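Asks: Be aware that the sequence shown starts at 7, since it is given in the working numbering, and climbs by one per residue.
My questions will all concern the structure given below.
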Amino acid sequence: MRILLAACLILTGTSAGLACGNPLLWAMLFAKVPEAKVVYEAELAARADGLITARVYDARPGEAYHLWSKAWIMDLAKEMQPTVENRLEPGQSLTILLADEVAAVRFSREAGVEFVPAAGLGRIARYDLITSTNALKSVWRDGLSYEEMLTFDLARTQENKSDQFLKAFF
């Protein structure tokens, strides 16, 4: 009976529906993408130091955190979409891994903006930018510069993306 209970807890604890802020999924993500752990820890330090602020959890009564968080991220992504798409070449995309959410946001001219939950991260070969939701909010809305993101380890890159390519978006 204990084995069955443990198996059920593990399966439900790692489901995509519980992805946002799920410690079990963080562990798996950090093992696969070590840069994500650096960014996550840097975000916690930056929030403690007052460099960035956390989103205000303002969900409607009864709304699950995961659904609220996904909607919040998509609102920010849609706000960013016109600027990002204007700077992308046809066929080019920008994929941002959000380490704190174990999710990604992908922009392209052809497909628009797409939220990729934890269950879909396996189909992404590389990330152009690894950051956190609060750092992305801070650089987009609150005046944090891209250089500050890099200086304070709030952003990392994979696959030799040039800083000029990414800097153009922020």
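Positions of the beta carbon are idealized from the N, C-alpha and C atoms, including for glycine.
Predicted model only: the values in this text are computed from it and were never measured.
What does DSSP give as the partner residue(s) for F113 in the beta ladder?
Replies: Position 107 of the sequence shown, counted from the start, is the residue given in the question as residue 113. DSSP output for F113 lists L100, V119 as bridge partner(s).
Asks: Any chance the region 139-149 sits against the region 96-113, with 3 or more Cβ pairs inside 8 Å?
Replies: Verdict: yes, contact present.
Asks: Just the C-alpha distance for F176 and W146, rounded to the nearest angstrom, thanks.
Replies: Residue numbering aside, residue 176 sits at position 170 when the sequence shown is read from its first letter. Residue numbering aside, residue 146 sits at position 140 when the sequence shown is read from its first letter. Their backbone Cα atoms lie some 7 Å apart in a straight line.
Asks: So what does DSSP say about T137, is it helix, strand or coil?
Replies: Looking up residue 137 in the sequence shown gives position 131. In this structure, T137 counts as strand in the three-state DSSP scheme.
Asks: With distance defined between alpha-carbon atoms, name the residue in E91, E41, A52, E120 nearest to A77.
Replies: Here residue 77 corresponds to residue number 71 of the sequence shown, with the count starting at 1. Of the candidates E91, E41, A52, E120, the one whose C-alpha sits nearest the C-alpha of A77 is E120.
Asks: Can you grab the Cα-Cα spacing for the pair A48 / F158, in whole Å?
Replies: Taking the first residue of the sequence shown as 1, we reach residue 48 at position 42. Taking the first residue of the sequence shown as 1, we reach residue 158 at position 152. Cα-Cα distance, rounded: 7 Å.
Asks: Would you say the beta carbon of A54 comes nearer than 7 Å to a heavy atom of the ligand PLP?
Replies: Of the ligands one can find in the structure shown there are none, so the ligand PLP has no counterpart to examine.
Asks: Helix, strand or coil for D159, going by three-state DSSP, please let me know.
Replies: As a position in the sequence shown, residue 159 is number 153, starting the count at 1. Looking at D159 - three-state DSSP - the assignment turns out to be coil, as it is neither helix nor strand.
Asks: The alpha helix (DSSP H) with I79 in it runs from where to where?
Replies: Within the sequence shown, numbered from 1, the residue matching residue 79 stands at position 73. It spans 71-93 - the alpha helix (DSSP H) in which I79 sits, taken as one unbroken run.
Asks: Is the beta carbon of R93 sitting closer than 8 Å to the one on K143?
Replies: Counting from 1 along the sequence shown, the entry for residue 93 is found at position 87. Counting from 1 along the sequence shown, the entry for residue 143 is found at position 137. Not closer than 8 Å, so no.
Asks: For K84, I'd like the list of residues in its chain whose CB is within less than 8 Å of its CB, leaving aside the five on either flank, ordered along the chain.
Replies: For the purposes of this step, residue 84 is taken as residue 78 along the sequence shown, with counting starting at 1. Counting only Cβ-Cβ distances below 8 Å, and skipping sequence neighbours, we find V119.
Asks: Do R129 and V44 have their CB atoms nearer than 8 Å?
Replies: Residue mapping note: residue 129 aligns to position 123 of the sequence shown, counting from 1. Residue mapping note: residue 44 aligns to position 38 of the sequence shown, counting from 1. Contact flag unset, no.
Asks: If you run the structure through DSSP and keep just helix, strand and coil, what is D55?
Replies: On the sequence shown, residue 55 is found 49 positions in, with the first residue counted as 1. Three-state result, D55: helix.
Asks: Compare the Cα-Cα distances from M155 to each of P29, L31, I58, W32 and report the closest residue.
Replies: Residue mapping note: residue 155 aligns to position 149 of the sequence shown, counting from 1. If we check each option's Cα against that of M155, I58 comes out closest.
Asks: Going by beta carbon distance, what residues of the same chain come within less than 8 Å of Q87, once the five residues before and after it are set aside?
Replies: For the purposes of this step, residue 87 is identified with residue 81 of the sequence shown, where counting begins at 1. Excluding positions up to five away in sequence, the list reads F113, G118, V119.
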